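Okay, so here's the structure we're looking at.
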Amino acid sequence: MTKQTQESDSILRGIHVLDGGMATELEYLGVKIDGPLWSAHVLEDAPEKVVAVHRAYIEAGATCILTSSYQVSRMGYAEFGLDRERADAALLRSVELAHSACAEFPDRRIVVASSLGPYRAALHNGAEYHGNYGCRFADLVEFHRERIRVLAERSPNQLVPDLLAFETLPSLGEALAVGEALAPWPELAAWFSFTCRDERHVAHGELLSECAAAVARFPQAVAIGVNCTRPALMPELIAELRRASDKPVVVYPNSGEEWDAVNRCWRGAGDPTSFGAMATAWFAAGAQIVGGCCRARPAHIVQVAEEADRLR
Ligand SMILES: [Zn+2]
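The sequence shown: position 9 = 9 (the working numbering), numbered continuously.
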């Protein structure tokens with residue numbers, strides 16, 4: 001194991017509180033995020049809003065924050081006529097903004113994780129939830145490697161993330177492509193987080209346990225988990241992860257509300273108090289890093305942080 005990976009392991013040792021949804025919170029701050037490349041526009045035109053979201057989550061108790069780069073990629077930018085330099089700059093900018101929010105809390109050690117969404121996440125067509133891309137493995141590898149290279153081969157004065165968060169991974173195939181993409185940089189630290197369709201299977205249909213066992217073999221893997229999934233599924237999924245590997249378990253499900261595609265609105269319970277009660281069970285089941293994904297807000301993270309404080 002390399003020095004950097006050891007350091008990152010120690011960064012994630014113990015209990016961590018992750019943040020909640022970036023898009024959700026930007027929306028509450030009045031940022032329009034319905035365009036296909038909303039994060040590009042926010043990073044370039046309203047960086048103070050991104051910092052404000054990070055700040056809100058750190059104040060809520062987050063000890064690990066995800067950058068606002070989920071859908072930033074050269075391919076996604078190219079689809080809308082934006083060049084690769086602009087995509088690369090946006091990726092680096094998101095890291096800077098996260099660090100500048102952390103700098104407001106000099107007494108706290110906050111982990112910065114670069115959010116890296118799956119292939120096609122930029123296109124807003126929902127493909128990441130099932131992972132039927134119809135593209136070659138080599139294309140998937142290259143898609144991920146382009147972003148990794150930007151973050152890994154930085155100039156000396158450039159701020160770097162503590163780890164790379166590959167999230168909302170829909171399939172074993174894409175997770176393996178990420179591992180292949182990471183191969184030139186064994187010293188990096190990364191977590192692999194899958195989106196799941198039921199208590200045992202990732203969105204594309206493979207067993208979560210199979211996916212976890214596969215990614216645990218990558219030298220960069222410092223945690224394995226589940227995000228962007230119904231919170232009710234978490235206890236079973238955490239048990240699957242624990243059976244599959246001894247890596248720290250990271251979970252950040254959605255708030256609990258469900259998207260009603262017919263009426264185009266969110267329905268169901270997703271209140272912070274019940275989220276906090278569920279988080280208690282996730283910690284008890286063996287999750288070490290807990291936060292929220294879609295529709296989870298700072299009020300949800302406050303509840304998670306209170307539980308984490310009790311456990312510490
Ligand atoms: Zn989500």
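Every residue, glycine too, gets a C-beta built ideally from N, C-alpha and C. Just so we're clear, the structure is a prediction, and the values are computed from it rather than from any experiment.
By alpha-carbon distance to Val-95, the top candidate from Ser-255, Asn-157, Asp-246 is Asn-157. Bounds of any beta strand (DSSP E) do not take in Phe-283; it lies within the alpha helix (DSSP H) bounded by 272 to 285. Where Gly-225 is concerned, the enclosing beta strand (DSSP E) starts and stops at 221 to 227.
In chain order, the residues that have a beta carbon nearer than 6 Å to some heavy atom of ligand 1 are Cys-228, Asn-254, Cys-293, Cys-294. DSSP lists Ile-289 as the beta-bridge partner residues of His-16. Each of Ala-52, Glu-85, Gln-71 was checked against the Cα of Glu-104, and the nearest Cα belongs to Ala-52.
The DSSP-derived three-state label of Ala-190 is strand. Only buried fits Ala-287, as 16 or more other CB atoms lie within 10 angstroms of its CB. Around the C-beta of Phe-137, fewer than 16 other C-beta atoms lie within 10 Å, and the residue is accordingly described as exposed. Linking Lys-49 to Ala-98 through their CA atoms gives a straight-line distance of about 11 Å. Shown here for Val-111: same chain residues with a beta carbon closer than 6 Å to its own, the five before and five after excluded, namely Ile-11, Cys-64, Asp-162 in chain order. At a cut-off of 4 residues, the continuous stretches assigned as alpha helix (DSSP H) that sit fully inside the segment 57 to 90 are 74 to 78. The residue among Ile-301, Gly-21, Thr-280, Glu-180 with its C-alpha nearest the C-alpha of Ser-69 is Gly-21. Membership of Trp-38 in the alpha helix (DSSP H) is indicated by the continuous run 38 to 45.
Between Thr-229 and Leu-237, the C-beta spacing is below 9 Å. Sorting Phe-194, Arg-217, Ala-223 by C-alpha distance to the C-alpha of Leu-233 places Phe-194 at the top. Rounded to the nearest whole angstrom, the C-alpha separation of Gly-61 and Phe-283 is 16 Å.
For Phe-166, the pairing in a beta bridge is given by DSSP as Leu-116, Phe-192. Val-202 is classed as buried because its beta carbon has at least 16 other beta carbons within 10 Å across all chains shown.
Taking C-beta atoms as the reference points, Leu-208 and Ala-165 fail to come closer than 9 Å. With a beta-carbon spacing of about 5 Å, Leu-169 and Ala-175 fall inside the 8 Å limit used to define contacts.
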